[in-house]
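The structure appears right after this line, and notes come after that.
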Amino acid sequence: MLDTLGNLKRTNYCGSLRASDAGKDVVLMGWVHRRRDLGQLIFIDLRDRAGIAQIVFNADHPEAHAKAEDLRSEFVVAVEGKVILRQKPNPDIPTGEVEVVATKLHVLNNSKTPPFQIEDEVTASEETRLRYRYLDLRRPKLHHNIELRHRIIFEIRKVLDELGFFEIETPILTRSTPEGARDCLVPSRIHHGQFYALPQSPQIFKQILMISGMDRYFQICRCFRDEDFRADRQLEFTQLDLEMSFPRQQDIFDVIERVMEAACGVIGVKIQRPFRHLDYKEALRRFGSDKPDMRFGMELHNVTEHFEPARAALHFEGNVQAIVAPGAAAWSRKQLDELSEFAKSAGARGVYIVKVTSETVSSPLEKNLGADGLKKLVAAVGAKPGDLIVAVAAKEQIPHTDTSLFAACQVRLYLGDKLNQIDRTKWEFAWLTGFALFEWSETEKRWVSAQHPFTGVYEEDLDKLETAPWECRSKGYDLVLNGNELGSGSIRIHRQDVQARMFKALGLSDEQAKRRFGFFLDALTYGTPPHGGIALGLDRVAMILAGEKSIREVIAFPKTTAAVDLMAESPSEVDPEQLDELGIAIKT
Ligand code: ASP
């Protein structure tokens with residue numbers, strides 16, 4: 002027989018009890034985490050959002066004691082009792098100095114045996130965890146992550162309110178926004194054959210809000226991009242999206258630096274402002290990446306000229322990048338084999354290594370480069386005794402791209418990690434600028450926007466839009482933290498004539514531009530202020546601040562890498578009547 006909650010009122014969270022509560026009568030409510038039955042004494046660890054409290058049932062309260070005999074894991078109960086100091090405190094839990102002697106037990110609900118223990122050290126597969134997400138979310142770690150996410154968003158809202166931003170919602174059922182991904186489409190029941198697109202971002206709406214004179218907009222918004230999944234991508238994700246009128250680039254940076262300062266403050270991290278600025282090409286050259294991890298050195302050296310004599314014998318194409326790995330001259334055969342395997346998986350042809358010791362410089366490359374060539378290489382990269390020089394060339398070449406950099410970037414991160422070079426207490430933010438406006442798409446065989454088609458272009462480069470698009474410099478910027486891209490934005494195009502030329506440069510005919518963006522081109526003609534903005538990936542921000550490796554750990558109901566919600570079992574088939582109403586037939 003289950004008891005009812007009736008008029009019973011909780012007095013405390015289980016996890017909040019401390020020694021100072023000793024002597025108080027309390028009413029606690031929560032889940033039976035664990036039960037230990039010693040006959041005369043029954044102990045329950047009672048769990049709620051705030052943590053765990055130990056409850057004791059003894060012979061002084063026979064009715065409660067008898068009921069406690071039937072308790073099982075995850076039963077939902079209310080306990081009335083008195084807080085006392087424990088004889089033997091448990092230093093491992095925050096409530097460890099006290100326990101509650103139960104006078105009454107109310108069993109509010111029972112539970113099936115859960116498929117896994119509600120504990121941080123969970124052995125169940127991620128699939129099982131996601132299928133039973135409501136149980137998974139009961140784990141303290143996930144409670145912590147979800148609370149942290151809430152606090153970050155709360156702080157961000159406070160800062161932006163202080164800075165005069167309005168939070169404004171934009172439509173979810175809308176039309177395609179070009180952010181370079183596939184759209185998620187929603188068929189219209191009223192207009193058969195017509196579709197809404199879910200926003201890839203609120204980009205056009207936020208720009209229109211600037212035309213509307215709103216001056217400063219932000220939104221914690223959901224965006225939808227139907228892309229192939231990666232560990233830190235979901236079909237739907239949350240952005241902090243913002244836009245300002247009349248901004249200089251630095252004004253936008255200042256706002257975001259304040260936002261990140263507040264967000265990091267949630268975990269007690271004090272960050273350095275202003276963030277450093279780095280030219281995109283410099284980042285590529287030094288770190289092989291447009292999202293460099295600058296918590297450690299080990300920068301890349303372009304050593305192509307030193308490898309030139311070996312080009313034919315080693316059969317490599319393109320450039321060769323080298324990294325000096327401090328102390329790795331002593332690496333074993335096995336460690337070197339693992340490095341080579343990793344480098345191959347990162348797109349390198351393999352690794353070329355040179356060991357530098359106090360006596361010698363040795364390398365399998367000696368036969369190709371000669372002893373003198375090796376010495377010059379060592380000098381060029383500044384390797385010291387004990388160091389290992391690791392050089393890579395790319396397996397495949399892509400036009401207009403130095404692919405050796407991408408492989409080298411991965412190898413640098415691998416070596417930095419293995420050699421404990423990465424200072425995990427550092428928060429290295431950087432603004433990346435100096436991007437090109439267009440990039441060449443091999444699949445489409447045309448120039449496409451490197452970011453999105455509303456990104457501003459340097460006035461001096463306007464004339465090259467039609468003649469030399471590859472030389473046009475973008476007014477875009479990215480924010481990077483510890484090797485992660487947190488977000489990107491730009492000063493926008495605010496002149497209608499320039500926006501129209503941009504669409505043309507992207508290969509859209511007047512007719513196509515009018516059909517897709519006519520309303521926006523029109524809006525631009527009615528007094529558009531100069532404006533700019535940015536969007537940050539909030540899932541990623543929360544993931545980093547929570548110290549997690551996957552954004553699924555900071556999203557309450559994430560999807561798998563195959564875009565499936567295992568708990569709600571979506572996507573799913575729908576009734577034929579629903580399809581009929583929408584005027585849709587499924588191709589078989
Ligand atoms: N709309 C862009 C994005 O979602 C951000 C921006 O340019 O503000 O990536």
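Per this note's numbering, the sequence shown starts with residue 2, numbered consecutively.
Idealized CB from N, CA, C, for every residue including glycine.
Any non-hydrogen atom of the ligand ASP within 7 Å of residue i CB
i	result
Q273	no
Q240	yes
S177	no
Q204	yes
H453	yes
C224	yes
I535	yes
E578	no
G457	no
S450	no
S491	yes
E180	yes
Whole-number beta carbon distance between residue j and residue i, since they are thought to touch under 8 Å
i	j	result
D131	T561	In the sequence under discussion, the amino acid at residue 131 is Leu, which differs from the Asp named in the question. Contact holds; Cβ gap of about 6 Å.
S202	Q240	7 Å
R73	S112	7 Å
G488	G538	6 Å
H532	E180	Wrong, their Cβ atoms sit about 18 Å apart, outside the cutoff.
A431	F276	6 Å
E443	P400	7 Å
Length of the line joining the Cα atoms of residue i and residue j
i	j	result
D576	V187	16 Å
D540	I556	7 Å
F558	T124	20 Å
H193	R517	19 Å
P172	P200	8 Å
T589	F196	21 Å
R502	I272	41 Å
W332	Q411	19 Å
V99	L39	19 Å
K427	P310	41 Å
V542	L279	21 Å
L414	V304	19 Å
F167	A536	15 Å
A549	R134	The sequence as given places Glu at residue 549; Ala does not occur at that position. C-alpha separation (whole angstroms): 17 Å.
L86	F76	26 Å
L340	F520	54 Å
D121	L507	50 Å
P63	R140	32 Å
A103	F117	28 Å
N8	K68	20 Å
E128	S573	18 Å
Residues near residue i in its chain [Cβ-Cβ closer than 8 Å; skip 5 each side]
i	result
T358	A330, P386, G387
L138	H144, I147, A557
K515	L522
F297	G417, Q422, I423, D424
L301	R286, R287, F288, G289, Q322, A323, I324, L406, A409, C410, R413
I53	C15, G16, H34, D46, L47, I94, T96
Cut-off 7 Å between Cβ atoms - residues of its own chain near residue i, not counting five sequence neighbours on either side
i	result
H66	I43, F58, N59, A60
R160	Checking the sequence shown, residue 160 turns out to be Val, not Arg. Excluding sequence neighbours, V160 sits near R259, V260, A263.
L433	L279, Y281, A284, D291, Y478, D479, V481
D615	Nothing about residue 615 can be read from this structure; the chain reaches only from 2 to 589.
D462	E472, C473, R474
I157	L241, V260, A263, A264
Cβ-based burial, residue i [other Cβ within 10 Å; buried from 16]
i	result
R447	exposed
M2	exposed
G584	exposed
Q220	buried
H107	buried
A284	buried
I545	buried
Q41	exposed
I205	buried
S346	exposed
W32	buried
H316	exposed
D498	exposed
E244	buried
Q235	buried
F308	buried
Proximal residues to residue i (C-beta, below 6 Å), its chain only, five neighbours per side dropped
i	result
G590	Since the first residue shown for the chain is 2 and the last is 589, residue 590 is missing from the structure and cannot be characterised.
T529	I212, H495
F225	C185, L199, E237
Y353	L366, A392
R350	F317, A394, K396
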